[in-house]
Structure formats: structure tokens, C-alpha cells
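Under mature numbering (1 follows the signal peptide of the UniProt record, and there is no 0), the residues of the sequence shown are numbered -24 to -1, 1 to 342, in order. Note that the Cβ used here is the ideal one computed from N, Cα and C, for glycine as well.
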Amino acid sequence: MGMKFLMRILTAALALSITAPALATEADEGLTLKGEPRIAMLYISPRNDGGWTQAFDEARLKLEERLGHRIQYVESVPENASSIRPAAERLIQRGANIIIGTAFGYSDTFEDLARRHPEVAFLNGSGTTNSRNLQSFYGRTYESQYLCGMAAAAASKSGRLGFVAANPFGQVNWTVNAFALGAQKINPDATVTVIYTGSWNDPVRERAAAAALIDRGADVIGQHVDSPTPQIVAQERGVFGTGHHRDMSEFAPAATVCSSVWVWDRFLEPELENIFAGGWKPQLDGALLSMAEGGTDIACCGPAVAEEHVSTIMAAREELLQGNKRIYQGPLYDRNGTLKIADGELPSDGELWQMDWFVKGVITQQ
């Protein structure tokens, strides 16, 4: 028994010594596609959802025109392996060698798919997994939401702002805090009351949350949920709002004064060109994109924002686009007065992803 066990270890070690250099060389050389690029996308919701997925679909259309490649897509693929895997496998069987996902919940399945299909390049928006042929990417939405907070405070008469949020995850909490910090740049006494819906896209809950915030005195409604419902409710109730994912003034022109918008084509176009060129090497810690790097931007500003404030907002936007402004540079304290980011310090990306605290003026409610 002992000798057999030892032989198995020696055999495994020998195999590893033979294959490891080959694997290292393959990783060092990067991924080169076999054949012409064939791109496909998996959407978590319908392509005309008015928010997150529609922003990806609009980027798809721009990419088709600029790159000269048709991009297939599959709509409404839920965040579970039993849905993701067959959808991706069918696309690969049909010849797709670049798969772009659009959901946090695709992360683990994409990691497994990338391992099973080393010849295919995988990208995943808002994902958390990365490998030699998989790169996740997301944007520093706190930058554009900071600007939306400035616009919200400029449009508000009361200084009481509401915010409809999806889930209390780090990438949602960082938008809430940034929205509050931006608002307080215009009105130091501004407050932001937050209601979490527990879902990325649930128009019924979003409607209820927006209405509850307005009933409690909010006269501007911000959001980090997928649908434009909070903006529609704001318009129905005669208050203002700030959208997320896309320019939501399309749905509530009288209410929406600013929107945090994705500009995925600015990132995906050069990234896809790198894949086309061969030797593609993903960032193994993922790509967290600033406004300067093609993550987000804003559509601003509605007539409810005075011209003097528009100038201030656009000046801050320009600083962000040039990479000259940091939203979370210390000193920053939480709402209990505890120092969270020391003077002159910047949080790591890991600390941002784990953000579970709120700045002064943020009121969280269920």
C-alpha cells in the first residue's frame, strides 16, 4: 500500500514537471484565437430593459459598426449554472470564440467554462473571476454617482434625497456613499435615505421604494437598480431624480436631471482588438475601470439644475476624466464618526468591493 501510494505521488510529480513548463509558456504567450473572431454575448435580462442590459446592447451595436463583426446575443439568461452553461456551450458549438457575459452571478460558471474551453476568450461585466482566458470588468460607478449626487442636491429644495438600491453589496454601497458625498459638496446638510429592494431588476419593488421615499419627504430620487421605474415614479409624483446605467430622461424627461451611464464600447473596443491581434493576456485581478479608462460617464444636466451648478458638476467631471480627482481620498469618516480612510490615503480595490459602512448623512432603511 505504501509503495503504491509513493508511486502515485512520483507519477503525479513527473506529470506536473512535464506539463507545468508548457502551461507556463502558454500563459506567458497569451491567448491567440483559432480562426476568425466570432463574438457572442449573454444578457441577464431582455435587451430593452431600459437599464443595465440595454446599455450593453447599445454598446454591441456600436461595436458591430466599428469592428465590422456581427455579434450574436442571447437574452434573459438567469444567474444559475443550469442556464448559463448550455447557453454558452451552444454558442461555442456554433463557432463563437469570444463570449461576453453581463452578470455578477455568471462568475463561477464562466470560470469553469474558461477552464473547459482554453481556446475561447471570456469577458464578464460585473464578474469576480479571472484566469488566463477570462477577464471580469466593471466600472468605478462611484465616480459618476458622485456627479449625480451633486446634480440631485442642486435640484433639491429640501436637501432630503432618496435612493433606491438593489442589494447591500460593496459596489452598491460605494455608489450610495459617493452620491451622498457629491450631494454634500453642493449642500453640506444634504441627507440620503436608502431603501434596498433586494433585487437588481424588480419594477414592483422599485416603485414601492421610490413612493415610500417620496412619502417620507425626499424631493429627488437616485438609484442603483436596473429599470427606470424610480424615475417614472419621480415624474408621476412631481419630484426629480437621477438615473443609473443609461440616460433615463428618455423615460422621465420632466424628472431626470442626471444619469450615471455606462460607456462599455470605450472599454470593449480596444479590448476586443487586443484579442483579435493575438497574445491576449487578461488582467488577472480584473479590470475596474475609472471614467478616464472608459467605465462610466454622465448624461447631465436637466433644467432643474442651475447653470452655476452645471458648471461646477462639469468641472468635476473633467477632473475625473483626466484622472485628477479621487472620490474616496481620506480623511473619510463613517456616519458614527469612526475614521475609515486616513488623511491622504486611498482604499484598495478590495476594500472598495467590501464597503459595508456609510458616510455621514446616509440613512439606511429596509
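In the DSSP annotation of this structure, the continuous segment of the alpha helix (DSSP H) that includes Arg242 starts and ends at Trp240 to Ala253.
Close CB contacts of Ser132 within its chain, under the 6 Å cut and outside five residues either way in sequence, are with Asp195 and Val196 (chain order). As the crow flies, the alpha-carbon of Tyr82 is around 42 Å from that of Ala282. Secondary structure note for Thr340: it is in no alpha helix (DSSP H), and the uninterrupted beta strand (DSSP E) holding it is Val338 to Gln341.
In the DSSP assignment, Ile47 falls within the unbroken beta strand (DSSP E) covering Ile47 to Val50. Across the structure, Asn143 and Trp176 are spaced so that their CA atoms are roughly 7 Å apart. Taken through DSSP and simplified to helix, strand or coil, Phe80 comes out as helix.
Apart from the 5 residues on each side of it in sequence, Val50 sits with its Cβ closer than 6 Å to the Cβ of Leu18 and Ala63 in its chain, given in chain order. CA-CA distance, Ala253 to Thr8, rounds to 8 Å.
The C-alpha of Pro204 is placed about 12 Å away from the C-alpha of Ala31. Contact between Ala127 and Val233 holds: CB atoms are separated by about 5 Å, below the 8 Å threshold. DSSP places Asp310 in the strand class (E or B) of the three-state scheme.
Linking Gly337 to Ala159 through their CA atoms gives a straight-line distance of about 10 Å. Between the segment 37 to 47 and the segment 283 to 303, the count of Cβ pairs shorter than 8 Å is below three; the stretches do not touch. Leu264 is a Cβ neighbour of Arg116, given a cutoff of 8 Å. Residue range Ala57 to Gln69 is occupied by the alpha helix (DSSP H) that includes Ser59.
Here DSSP, grouped into helix, strand and coil, assigns Phe227 to coil. Collapsing the DSSP output to three states places Phe139 in a strand. Listed in chain order, the alpha helix (DSSP H) elements of length 4 or more contained wholly in the segment 164 to 226 are 179 to 191 and 205 to 213.
If you look at Tyr122, you'll find it in the alpha helix (DSSP H) that goes Thr117 to Ala131. Under the DSSP assignment, Lys316 falls in the beta strand (DSSP E) whose first and last residues are Leu315 to Ile317.
For Thr340 and Ala154, the gap between their C-alpha atoms comes out near 15 Å. Under the rule that a run must span 4 or more residues, the alpha helix (DSSP H) segments found entirely inside the segment 18 to 49 read 28 to 43.
By the 16-neighbour rule on beta-carbons within 10 angstroms, Asn56 is exposed.
Asp202 is positioned such that its CB atom lies closer than 8 Å to that of Trp28. Beta-carbon to beta-carbon, Ile75 and Ala16 are separated by about 6 Å, close enough to satisfy the 8 Å threshold. Put simply, of Ser266, Gln121 and Gly103 the residue whose alpha carbon is nearest the alpha carbon of Gly217 is Gln121. Val180 is classed as exposed because its beta carbon has fewer than 16 other beta carbons within 10 Å across all chains shown. Secondary structure at Ile289: helix, using DSSP grouped into helix, strand and coil.
Rounded to the nearest whole angstrom, the CA to CA distance from Gln69 to Arg14 is 11 Å. Beyond the five residues adjoining it in sequence on each side, Tyr118 comes within less than 6 Å, by CB distance, of Trp150, Thr151, Ala154 and Ile303 in the same chain, given in chain order. Taking C-beta separations shorter than 7 Å and ignoring five residues to either side along the sequence, the partners of Asp165 in its chain run Gly135, following chain order.
A Cβ-Cβ separation of about 6 Å places Ala185 in contact with Thr173 under the 8 Å criterion. The alpha-carbon of Asn24 is positioned some 43 Å away from that of Leu315.
Of the candidates Ser236, Glu284 and Ile251, the residue whose Cα lies closest to the Cα of Met267 is Ser236. With respect to the C-alpha of Asn100, the residue from Phe227, Ala72, Phe113 and Gly326 having the closest C-alpha is Phe113.
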